[in-house]
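Colleague:
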Amino acid sequence: MNAKALALGLTLAWLAVMAGLAVVIVKTGRFGGSLTAFLPTSGNTVQRALVQGLHKGEASRVLMAAVSGGSAVQRLRASRALVGLLRPHKAVFALVANGGRGAARDVEGFLSRYRYLLAPRTAWTVGALRVDLQRDLAILESPAGLTSGEIMADPTGALMAAARPWMGGGGPRSRHGEWESRDGRSALLLMETHRSGFSVTPQRRALHLIHAAFTQVARGTPLTLTMAGTGVVTVAANDRVAASAKVLTMIDLFLVAGILFFVYRSAPPMVASLVPLTSGAMVAMAVTALAFPRLAITTLGFGTMLIGVAMDYPTYVLLHMGPSEGAEAAARRVARALGLAMIAMVIGFSTMIVSRLAGLVQLGVFACAGLVASALAARYLLPFMMPAWRPTADLSVWDRRASRAMSGLRRARWASAVVALGGLGVLAYRGSGVWDDHLSALSPAPHALMARTGRMAGEFGVPGLSSLVVVSADNTQQALARSAALMPVLEKLRKRGMVASYQLAAGYLPTLATQRRRQQALPTAAVLQRRLRAAAAHMPFRARAFRPFLAAVQQARHEPLLRPEDLPAPVRARLKGLLVRVHGHVVAFVRLSGVHNPRRVHAMIRASHVEGAHFVVVKRVVGALMGRYRAALLKHSIVAALLMALVIAIGLRSAREALRLVLPMAAAILTTCAIVVLTGPGLTLLNLVALLLIAGLGMGYALFLGDHGLITNRRPLAPWICAATTITGFGVMAFASVAMLRQVGLTVSVGALLALIFTAAWSSGRGRTAEGA
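For the sequence shown, our numbering assigns the number 184 to the initial residue and increments by one for each residue that follows.
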């Protein structure tokens, strides 16, 4: 078979394999939009429950809306119309409300039926009933708007007491039963979705329904809609990253294509250079889709970015071609160096696989599989797909310039050592301040939108996730009992102004024991009728008006006790965020809003002596947990660096040469860390991932710059071209509007430049190169 036929056959076979991988990805891959892939999944029971609560809790599922502009009547009508249009979408929304009674209305049938099991009641004596009837009489004589039928059907007010947790004690002010902002200029609505606020696709659908409904009701009016909530932030962050990445990718491709065209001066090698990159991306997606039930969008984005450096592999092969030499011969000459560079990078990225952070594990698998496939394609596939191509550009001038630059850097090598020591000094001076373990450091969300969400949450009195009481127990009933035992101290904290409001699972579902006591306390029909007659003496109530009440009490005496699985969907959705099962334990959350003097709150919760109850400031706990993960990843990275040095020493058959290659790379990483710390808040997990990439890149530069016998007729220009494409690509990202992308871009571009300079400065400078052959 001649070379052209072989090239055609390989190309067709490659296209067939890519098509097969595409089928595997489509059939088995499930792409998720959740931005929680970098949340930790281990730790103690409380920490795990806390992370699970952040992901799936009610606070993440709440969407808040404000209708502004126009007149008060227009806002009121729009608010009511929105509720009417959105409530039928029960598959999307667990709750849609524009007022306290509206919030309870979604579950009023359930509350009405079980009100005597759900609502607290101290006594059913004649005296207690008389107090209830006197209150009812005062309500009937006032303009409160309740009918006598509503009062007589529930004279004890049990329904209102059962609905109180749904109406929010610290919520917004109400006018005509509908919520409005404190300044009276906006009508407020609250929606709760079934799916987590961190899941992009479900939240996007919910927001689309809300905006479509508002467009319908606000047509022809000056009304405007403002949205806030975790789901709004999630969708905005996802769109912001996607838009920024799209623009940056276009700029990056244009600049990198310009560099490669300058090098190759023809289209075939530029197109062929995409073969290793495409192979790596497709294999990585297929392997990850088969290995994990769901592939996070963040993994796909960052993984593709990481294996983008596989563009170095065809550059190393093609730039080492001689004037009369084919790509296959050049690939053989650089094979050992190319293999060591790939192995070094895979070792670095493998540290993410053992990190136990779902996002990093996926990212590690994606990057390792992609890099291996890219390197193999560059070595065994690319050379045979373009057998007739020969270099047309004379780059000997640039080779000589690269050699002279290296000679100059070698003369100033001690300056690089001083710079590295200075970087080490900066890191030592900063100490633990080097690290930024806050989750917000990983968030691409716009700060203005997050601030708006905080303000609107304050308007609604929605208990946030900044401060919690966490109650751990062995089972659900124990968790409910322990959280209910906190209610006296919580009420005391509220009355003293230390917390604005609180929310706990026991407020929605009492324990079985409590329900049983309340049920057993219900009097028989004859006893209740006799007591009612005595309590209503000298009051203008007719005995027959109490018949619905008597029937409801008798029905409640025989109702089955309520368990979590018996609850309607809105109540289950609310409990889902307040009761979390973690490895055989149940953790109950008590959400607090408007916390003042956290130390005092902590002291009073501790003094309550409720077993398993802990007051936590979420930011501190999650920060400490992220710090543990970061420390573990750092430890694994150090082990990987040692293993990398060992592999290089074995490959070069010289520990001294391996040390000459590894030390400049380590110096470049230390200096990069110092620069990132001096120009930003600190190093994050994403910075650590970027540093792993720098380590692999630096090792590649060192292997192709140094004279260690792996490559005959070295091309000094090759590592400089590879560095130029990397620095250009990630340098563009350093100008991104998204801080997360900007930090990664800055870290990699600066690190790649320093890795090139330091490895060139400490290269041996002896031996034969292509330009000097």
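Where is the CB? At the ideal position from N, CA and C, for every residue including glycine. Remember, it's a predicted structure, so these values are computed and weren't measured experimentally.
List the residues that DSSP assigns as beta-bridge partners of V769.
Modeller: A656, R764
Colleague: Once the 5 residues before and after A428 are set aside, which same chain residues still bring their CB inside 6 Å of it?
Modeller: none
Colleague: What residues are listed by DSSP as bridge partners for M916?
Modeller: Paired residues: none, contrary to the question.
Colleague: If distances are taken between C-alpha atoms only, which option among E375, R213, V915, L294 comes closest to F643?
Modeller: Closest by alpha carbon: E375.
Colleague: Mark Q545 as exposed unless 16 or more other C-beta atoms lie within 10 angstroms of its C-beta, in which case mark it buried.
Modeller: buried
Colleague: Out of curiosity, what's the CA-to-CA distance linking F293 and Y685?
Modeller: 23 Å
Colleague: Could you pull out every unbroken alpha helix (DSSP H) segment of at least 4 residues lying fully inside the segment 770 to 804, listed in chain order?
Modeller: 781 to 790
Colleague: Is the beta carbon of A718 less than 9 Å from the beta carbon of R313?
Modeller: yes
Colleague: Evaluate I940 with the Cβ neighbour count: other Cβ atoms within 10 Å of its Cβ, from every protein chain shown; 16 or more gives buried, anything less gives exposed.
Modeller: I940 should be labelled buried.
Colleague: Quick one: which unbroken beta strand (DSSP E) runs of 3-plus residues sit fully inside the segment 441 to 466? Chain order, please.
Modeller: none
Colleague: Measure from the C-beta of L758 to each C-beta in chain C and report whether the shortest distance is under 9 Å.
Modeller: In the displayed structure, chain C is absent; only one protein chain is listed.
Colleague: Between the segment 383 to 399 and the segment 408 to 418, do at least 3 Cβ pairs fall closer than 8 Å?
Modeller: yes
Colleague: DSSP three-state call for E363: helix, strand or coil?
Modeller: strand
Colleague: First and last residue of the alpha helix (DSSP H) that includes F732?
Modeller: 730 to 739
Colleague: To the nearest angstrom, how far is the alpha carbon of V800 from that of F276?
Modeller: For the pair V800 and F276, the Cα-to-Cα distance works out to about 29 Å.
Colleague: Count the other C-beta atoms from every protein chain shown that fall within 10 angstroms of the C-beta of P731, then say buried if there are 16 or more, exposed otherwise.
Modeller: exposed
Colleague: Please work out which residues of its chain come closer than 7 Å, Cβ to Cβ, to M722, disregarding the five sequence neighbours upstream and downstream, and give them in chain order.
Modeller: L316, L320
Colleague: From the DSSP output, in three-state form, read off L893 for me.
Modeller: coil
Colleague: Where do the N-terminal and C-terminal ends of the alpha helix (DSSP H) with F276 fall, by residue?
Modeller: Run containing F276: none in the alpha helix (DSSP H); it sits in the beta strand (DSSP E), 276 to 280.
Colleague: A726 and L744: beta carbons closer than 9 Å?
Modeller: No, Cβ-Cβ distance for A726 and L744 is not below 9 Å.
Colleague: Given this structure, state the Cα-to-Cα distance separating L610 from H272, to the nearest angstrom.
Modeller: 54 Å
Colleague: Would you check if the distance between the CB atom of F913 and the CB atom of A935 is smaller than 9 Å?
Modeller: yes
Colleague: Rounded to a whole number of angstroms, what is the C-alpha to C-alpha distance between A199 and A571?
Modeller: 23 Å
Colleague: Could you give the C-beta distance for S946 and M433, rounded to a whole number, given that I count them as a contact under 8 Å?
Modeller: Actually they do not touch by this definition, with Cβ atoms about 36 Å apart.
Colleague: Which residue wins for smallest C-alpha separation from G888, given the options L900, G879, A878, A815?
Modeller: Correcting the residue type first, residue 888 is Leu in the shown sequence and not Gly. Ranking L900, G879, A878, A815 by Cα distance to L888 puts L900 first.
Colleague: Using a threshold of 9 Å, state whether the C-beta atoms of E361 and S462 are closer than that.
Modeller: Taking 9 Å as the Cβ cut-off, E361 and S462 do not qualify as a contacting pair.
Colleague: With distances taken Cα to Cα, identify the nearest neighbour of F381 among A419, R573, A668.
Modeller: A419
Colleague: State the beta-bridge partners of E375 as determined by DSSP.
Modeller: V245, L278
Colleague: Using the Cβ count rule (16 or more neighbours within 10 Å means buried), how would you classify T459?
Modeller: Note on residue identity: the sequence assigns Pro, not Thr, to residue 459. By the neighbour-count definition (other C-beta atoms within 10 Å, threshold 16), P459 is a buried residue.
Colleague: Could you check which residue in A907, V617, A311 has the C-alpha nearest to that of L868?
Modeller: V617
Colleague: Per the contact definition of three or more C-beta pairs closer than 8 Å, is the segment 559 to 575 in contact with the segment 840 to 853?
Modeller: The segment 840 to 853 is not in contact with the segment 559 to 575.
Colleague: Determine the burial state of N658: buried for a count of at least 16 other Cβ atoms within 10 Å of its Cβ, exposed for fewer.
Modeller: It counts as exposed.
Colleague: Can we say the segment 809 to 824 touches the segment 663 to 676, given the rule of at least three CB pairs closer than 8 Å?
Modeller: no
Colleague: Compute the distance between the beta-carbons of A264 and R358, then report whether it is under 9 Å.
Modeller: no
Colleague: Determine whether the beta carbon atoms of V921 and A885 lie at a separation below 9 Å.
Modeller: no
Colleague: According to DSSP, simplified to helix, strand and coil, what is Y496?
Modeller: helix
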